[in-house]
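Notes follow once the structure below has been shown.
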Amino acid sequence: MTDDWARRDGETTPAFEAFRVYRDLGAARSIRAVAKTLGKSAQLLERWSRTHDWVARATAYDNHRDAEHLDATAEQEAELLSRLLDSAELMRHRAHQVLASAEDISPALAVRMLEAAAKILATRRGLKTDEPDHQATVDVVALATELMNRGRSPQS
Numbered sequence: 001m002t003d004d005w006a007r008r009d010g011e012t013t014p015a016f017e018a019f020r021v022y023r024d025l026g027a028a029r030s031i032r033a034v035a036k037t038l039g040k041s042a043q044l045l046e047r048w049s050r051t052h053d054w055v056a057r058a059t060a061y062d063n064h065r066d067a068e069h070l071d072a073t074a075e076q077e078a079e080l081l082s083r084l085l086d087s088a089e090l091m092r093h094r095a096h097q098v099l100a101s102a103e104d105i106s107p108a109l110a111v112r113m114l115e116a117a118a119k120i121l122a123t124r125r126g127l128k129t130d131e132p133d134h135q136a137t138v139d140v141v142a143l144a145t146e147l148m149n150r151g152r153s154p155q156s
């Protein structure tokens, strides 16, 4: 199956070139604009438009381009989300490492890292960020408890 906006059998080169100009005008699309651009009579262009169904073909082209744009946008959003989730997992892992090794990073920063990771992961799961899921809450509480048991305040 050929695309609706492709050159049709019997469509002359000048008629197809005029259609391409019409098609590519987008929102400013009109026979008058094509006539001005190509220096051809509007009556000739109207005849070509009727004969070769320019309006439907241009609409099909617009729909195709819009679908391509939506696909590209969805792909970009998926890539961004993947990177964001990777970062959240790294933050959560790093916060747990800090707790296990008592490194020079402050407990308060470790708690903030876990909270940020929990919010990102909760958002990904479709939860409200002010109501993190059970596991994220358990992680933050466990971190604070462990810090308290070490004699360190999570606010330090």
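First residue of the sequence shown? That's 1 in this note's numbering, and the numbers climb one at a time after it.
Where a beta carbon is used, it is the ideal one built from N, C-alpha and C, also for glycine.
Could you name the residues of the same chain whose beta carbon sits closer than 7 Å to that of residue i, not counting the 5 residues immediately before and after it, in chain order?
| i | result |
| --- | --- |
| Ala60 | Asp4 and Trp5 |
| Leu84 | Ile120 |
| His52 | Arg8, Glu11, Ala15 and Phe19 |
Could you tell me which of the options sits nearest to residue i, measuring between CA atoms?
| i | options | result |
| --- | --- | --- |
| Ala15 | His69, Glu79, Leu45 and Gln97 | Leu45 |
| Ala28 | Thr2, Asp62, Gln76 and Thr13 | Asp62 |
Around the C-beta of residue i, are 16 or more other C-beta atoms found within 10 angstroms, so that it is buried, or is it exposed?
| i | result |
| --- | --- |
| His69 | exposed |
| Ser157 | Nothing can be reported for residue 157, as the shown portion of the chain is limited to 1 through 156. |
| His64 | exposed |
Am I right that residue i and residue j are in contact with their C-beta atoms under 8 Å? What's the rounded C-beta distance?
| i | j | result |
| --- | --- | --- |
| Ile159 | Ala88 | As displayed, the chain neither begins before 1 nor continues past 156, which places residue 159 out of reach and without an answer. |
| Ala110 | Val98 | 5 Å |
What separation, rounded to the nearest whole angstrom, lies between the Cα atoms of residue i and residue j?
| i | j | result |
| --- | --- | --- |
| Arg92 | Val34 | 59 Å |
| Lys36 | Arg124 | 52 Å |
| Ala58 | Leu81 | 34 Å |
| Ala56 | Asp66 | 15 Å |
Sorted by chain position, which residues of the same chain lie with C-beta nearer than 6 Å to residue i's C-beta, five sequence neighbours on each side aside?
| i | result |
| --- | --- |
| Arg7 | Phe16 |
Excluding the five sequence neighbours on either side, which residues of its own chain have a C-beta within less than 8 Å of the C-beta of residue i, listed in chain order?
| i | result |
| --- | --- |
| Trp54 | Phe19, Tyr22, Arg23 and Trp48 |
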